[in-house]
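Novice: Before I ask anything, here is the structure I am working with.
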Amino acid sequence: MSALSERSEKSDSANSSQIRTPKPVYVCSVCTDEVKAKYLCQPCKKYFCEKCKSSHTSSVQNAKHKFTEILETESETPDLSLDLAKVSSPEMQKTPQRVVTSSPKNTDRSTGRAKNHNDHTVHIDYGNTPRGKYSKCQRHPTKDIQLHCVECNKIVCSECIVEVHQRHQFVSIEEAGTRLKGHFHTILAPVKTFYHDELETAYNNLEVAEEQYSVKTEQTIDEIHKRASQLHDDIDRIRDSIISSIETKQKQDMDEFVTTKELLSDRLAHTGDVISRVENAIENDNDTSMLRSEHEYTSLITNVDRNLSLREPKPSRFAAGLSTEERVKDLFGNTVQIDEPDNTMATWRMRGEDKLEISKDLDLSRVLSVPVGDGQPIHTMVALGHAEVWFSTLSNSKQAQLFGIDGRIEKPLELEFSVKDLSVSRPGDLFLSCFDTRCVKRIRLNGTVETFFNTSPLHPLGIHVLRSGSVMVCVVDQISTNMKQMKPYSKRQLVKVSKTGKVIKRMAYNLDLRLFTLPFKVNETVDEELVVLDKSSKDKGRLIMFTRNEQIKFVYNGPQSIRTEYPFCPMDLVCDNFGHTIVVDSNNNAIHMLDKFGKVLRFHQIGRDWIDIPWSVAVDNRGLMLVGDSAGTMHIMRYLLNS
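So the sequence shown is numbered by our numbering: it starts at 201 and just counts up by one.
If you want it as structure tokens, here you go:
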């Protein structure tokens with residue numbers, strides 16, 4: 201019994217270690233029913249039936265996809281497990297139970313096997329498995345291997361069959377080998393597909409990328425040289441322009457010198473003649489003659505014009521601009537890491553101002569509109585990064601709130617002062633213009649509120665943090681509701697303040713003429729030029745752009761080639777990273793876009809059913825514009841369209 205138990209355990213162990221490989225079934229990835237797939241799309245890595253394959257390739261973008269046909273024959277997808285119902289099959293062979301005489305003389309208790317194999321062994325017909333064709337059995341080195349045990353997945357000899365594999369199912373070694381080769385062919389197919397379609401493609405793409413890397417690097421270096429040449433040309437052009445203006449002024453001044461000298465020469469001759477005649481009379485005439493000529497000489501002396509008013513032309517002086525290494529690098533440019541495919545710079549559809557027409561059909565794409573301000577105007581806003589803006593409303597001017605472009609509104613930041621304007625520095629500090637308290641406040645990232653700049657006795661209006669870190673502040677002595685013409689003693693200034701809160705420069709006059717009526721807002725272009733929104737009355741204003749050396753570049757009073765119903769009344773402006781200046785016009789319910797030379801690129805009149813009256817505007821770096829209106833609604837729209 202112990203021998204039989206040991207044999208049973210060996211048989212169970214062999215059966216538990218056998219390998220059964222079920223035949224894989226591939227189902228169509230598109231059909232809702234489990235329809236058998238016939239093809240594998242290599243680019244998509246999806247299975248398709250015949251009908252879905254035709255639909256898949258009917259699309260233009262999928263027309264060139266490559267397909268691999270799924271193998272379906274039994275030899276191509278072998279099954280190494282055998283069905284017990286096929287026991288009677290000619291290719292299946294079963295060993296009969298061995299007959300053993302139970303005489304005590306010829307029985308070995310330890311093995312349970314008969315000692316005399318010649319008398320009691322049942323001979324097996326090996327059929328088409330000739331001896332000597334295969335190698336020896338590993339378990340019984342003197343015996344040739346004969347069959348493949350399907351249940352144990354082992355190659356066996358006659359002794360193995362008797363000892364362990366009685367009543368098991370067998371196939372010939374040729375058949376087992378054929379099926380195993382087919383099985384390996386099937387499981388190797390996806391590996392070959394991966395090799396050809398992914399590994400080889402990845403390697404080829406890497407080779408192409410390696411070649412293109414050098415080409416693109418050379419192109420980048422060429423662009424750097426072109427940029428340097430462009431800057432050289434721009435500098436030469438600016439230099440020639442400045443020199444030309446100086447030479448023109450010199451010519452005019454020299455002509456004025458000549459004219460003035462001629463006048464002075466005539467007056468010198470006339471005055472000298474009077475002096476000579478009178479002195480000659482004093483020395484040579486007798487008293488009687490002098491008395492008779494008293495009236496004549498008196499008239500000569502009194503008629504000499506002794507009022508001398510001369511204008512001495514002053515030569516031009518050159519004030520060099522600030523050219524620190526950081527500013528030069530910002531102007532020149534720097535290398536960037538491109539993680540996405542290059543896209544052509546998006547821009548509004550542009551029209552020359554000579555062909556400008558009123559556009560009531562919006563090519564601005566509306567994204568979202570969210571009420572945020574209790575029905576009161578959103579009078580100021582500034583972008584914070586790519587997804588948020590700080591804003592303040594007239595109804596809650598002692599609050600500043602964060603608004604996300606997804607429509608999310610953060611809890612308001614409660615303040616002890618009213619906010620007139622907002623700006624954000626590159627590190628993320630929030631600057632606030634406080635008209636009533638006559639100062640500019642700064643809220644640091646840690647929440648600390650501090651006075652950055654004291655404008656007293658003047659009041660701050662618009663503020664803007666420059667790329668350099670300095671702050672531009674519009675300051676006035678007072679602001680009236682009707683904005684009447686200013687008095688001679690009125691103060692209207694644009695002040696440049698350093699990072700430490702020290703005044704760098706004040707801009708108020710140009711050749712004894714006032715620059716501003718009421719500087720209301722200020723911003724900086726991508727070329728580091730200043731744009732000031734100057735209010736000339738309650739419902740009228742203009743834009744003034746200054747060059748980097750504080751010279752007036754242009755003044756914009758509204759589009760000149762079309763007639764608008766009302767005067768140009770700017771309320772807010774912003775400059776984007778593409779060289780555009782965008783201003784909202786409350787009188788005409790319009791948005792103006794200008795280029796860096798003051799040319800109108802686009803003029804949009806917006807329906808009151810969408811934006812009530814635009815009061816404030818901000819943009820991000822991804823082509824989104826945010827407009828706050830008089831009804832307290834924040835409107836998000838896409839204003840840069842792919843060209």
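Even glycine gets a Cβ: it sits at the ideal position worked out from N, Cα and C. Computed from a prediction, not measured in an experiment: that's the story for all the values here.
(1) Alpha carbon to alpha carbon, how far is Arg748 from Ala519?
(2) Leaving out the 5 sequence neighbours to the left and right, which residues in its chain are closer than 8 Å to Thr401 when beta-carbon positions are compared?
(3) List the DSSP bridge partners of Trp590.
(4) Would you tell me roughly how many angstroms separate the C-alpha atoms of Met490 and Leu464, rounded to the nearest one?
(5) Within this structure, are the beta carbons of Asp629 and Arg642 separated by less than 8 Å?
(6) Going by alpha carbons, who is nearest to Asp925 out of Pro513, His470, Ser736, Glu496?
(7) Three-state secondary structure (DSSP) at Phe635?
(8) What is the rounded straight-line gap between the Cα of Val726 and the Cα of Leu666?
(9) Could you tell me whether the stretch 364-372 touches the stretch 393-408, using the rule of 3 or more Cβ pairs below 8 Å?
(10) Is Cys337 helix, strand or coil when you go by DSSP?
(11) Kindly list the residues whose CB is nearer than 6 Å to the CB of His835, restricted to its own chain and excluding five residues on each side of it in sequence; keep chain order.
(12) Going by the CB atoms, is the gap between Ile609 and Gln599 shorter than 8 Å?
(13) Which residues does DSSP list as the beta-bridge partners of Phe653?
(14) For Ser358, is the classification buried or exposed, using 16 other Cβ atoms within 10 angstroms of its Cβ as the cut-off for buried?
(15) Leaving out five residues on either side along the sequence, give the residues of the same chain with a beta carbon under 7 Å from the beta carbon of Asn404.
(16) Val697: which of Lys691, Tyr689, Met707, Pro688 sits nearest, CA to CA?
(17) Out of Asn710, Gly669, Leu718, Lys738, which one is the CA nearest neighbour of Ile704?
(18) Mind pulling the alpha helix (DSSP H) runs of 4 or more residues that sit fully within the stretch 411-449?
(19) Taking C-alpha atoms, which residue in Asn789, Ser595, Ser656, Thr764 lies nearest to Val817?
(20) Quick check: what's the CA-CA separation for Val230 versus Lys253?
(21) Rounded C-beta distance between Ser516 and Ile446? I'm assuming under 8 Å.
(22) State the CB to CB distance for the pair His664 and Glu724, rounded to an integer number of angstroms; the pair is presumed to be in contact (CB under 8 Å).
(23) In or out: His256 buried (at least 16 other Cβ within 10 Å) or exposed?
(24) How far does the beta strand (DSSP E) with Ala818 in it reach, from first residue to last?
(25) Report the partner residues of Gly741 according to the DSSP bridge assignment.
(26) Around the C-beta of Arg802, are 16 or more other C-beta atoms found within 10 angstroms, so that it is buried, or is it exposed?
(27) Looking at the structure shown, is Leu406 part of a helix, part of a strand, or coil, going by DSSP?
(28) At the level of alpha carbons, what is the spacing between Glu614 and Lys699?
(29) Whole angstroms are fine: how far does the CA of Leu645 sit from the CA of Glu234?
(30) Classify Ser441 as buried or exposed, calling it buried when 16 or more other Cβ atoms lie within 10 Å of its own Cβ.
(31) Output the boundary residues of the alpha helix (DSSP H) element that contains Glu724.
(32) Within 10 angstroms of its Cβ, does Gly573 collect 16 or more other Cβ (buried), or is it exposed?
(33) Please name the residue in Ser623, Asp466, Glu765 whose C-alpha comes closest to that of Lys721.
(34) Cα separation between Lys266 and Ala389?
(35) Check whether the Cβ atoms of Lys354 and Asp344 lie closer than 8 Å to each other.
Specialist: Let me lay it out:
(1) Just so you know, the alpha carbons of Arg748 and Ala519 end up roughly 11 Å apart.
(2) Non-local C-beta neighbours of Thr401 in its own chain, meaning closer than 8 Å and more than five positions away in sequence, are absent.
(3) DSSP lists Val582, Leu602 as partners of Trp590.
(4) Rounded to the nearest whole angstrom, the C-alpha separation of Met490 and Leu464 is 30 Å.
(5) With respect to the 8 Å criterion, Asp629 and Arg642 are classified as neighbours on the basis of their beta carbons.
(6) Outside the modelled stretch of the chain, which goes from 201 to 843, sits residue 925, for which no answer is possible.
(7) Three-state result, Phe635: coil.
(8) In a straight line, the C-alpha of Val726 is about 10 Å away from that of Leu666.
(9) No, the stretch 364-372 is not in contact with the stretch 393-408.
(10) Residue state, collapsed to three classes: coil.
(11) When the five nearest sequence neighbours on each side are left out, the beta carbons in the same chain lying within less than 6 Å of the beta carbon of His835 are those of Ser569, Ile811, Val827, in order along the chain.
(12) Taking C-beta atoms as the reference points, Gln599 and Ile609 fail to come closer than 8 Å.
(13) According to DSSP, Phe653 bridges with Val640.
(14) Flag for Ser358 reads buried.
(15) Cβ neighbours of Asn404 within its own chain (closer than 7 Å, five residues either side excluded): none.
(16) Out of Lys691, Tyr689, Met707, Pro688, Met707 has the C-alpha closest to the C-alpha of Val697.
(17) Out of Asn710, Gly669, Leu718, Lys738, Gly669 has the C-alpha closest to the C-alpha of Ile704.
(18) With a minimum length of 4 residues, no continuous alpha helix (DSSP H) run stays inside the stretch 411-449.
(19) Per the Cα distances, Asn789.
(20) So the two alpha carbons sit approximately 9 Å from each other.
(21) Rounded to the nearest angstrom, the Cβ distance from Ser516 to Ile446 is 5 Å, consistent with a contact under 8 Å.
(22) Going by Cβ atoms, the distance from His664 to Glu724 rounds to 6 Å, so yes, they are a contact pair.
(23) It counts as buried.
(24) Unbroken beta strand (DSSP E) run through Ala818: 814-819.
(25) For Gly741, the pairing in a beta bridge is given by DSSP as Lys735.
(26) In the assembly as shown, Arg802 is a buried residue. Its beta-carbon has 16 or more other beta-carbons within 10 Å.
(27) Helix at Leu406.
(28) One alpha carbon belongs to Glu614, the other to Lys699, and they sit about 25 Å apart.
(29) Between Glu234 and Leu645, the C-alpha separation is close to 58 Å.
(30) Result: exposed.
(31) Counting along the chain, no alpha helix (DSSP H) covers Glu724; the unbroken beta strand (DSSP E) around it starts and ends at 719-724.
(32) By the Cβ neighbour-count rule, Gly573 is buried, with 16 or more other Cβ atoms within 10 Å of its own.
(33) Among Ser623, Asp466, Glu765, the Cα nearest to that of Lys721 is on Ser623.
(34) Using only the alpha carbons, I get a separation of about 15 Å.
(35) In this structure, Asp344 does not lie closer than 8 Å to Lys354 by Cβ.
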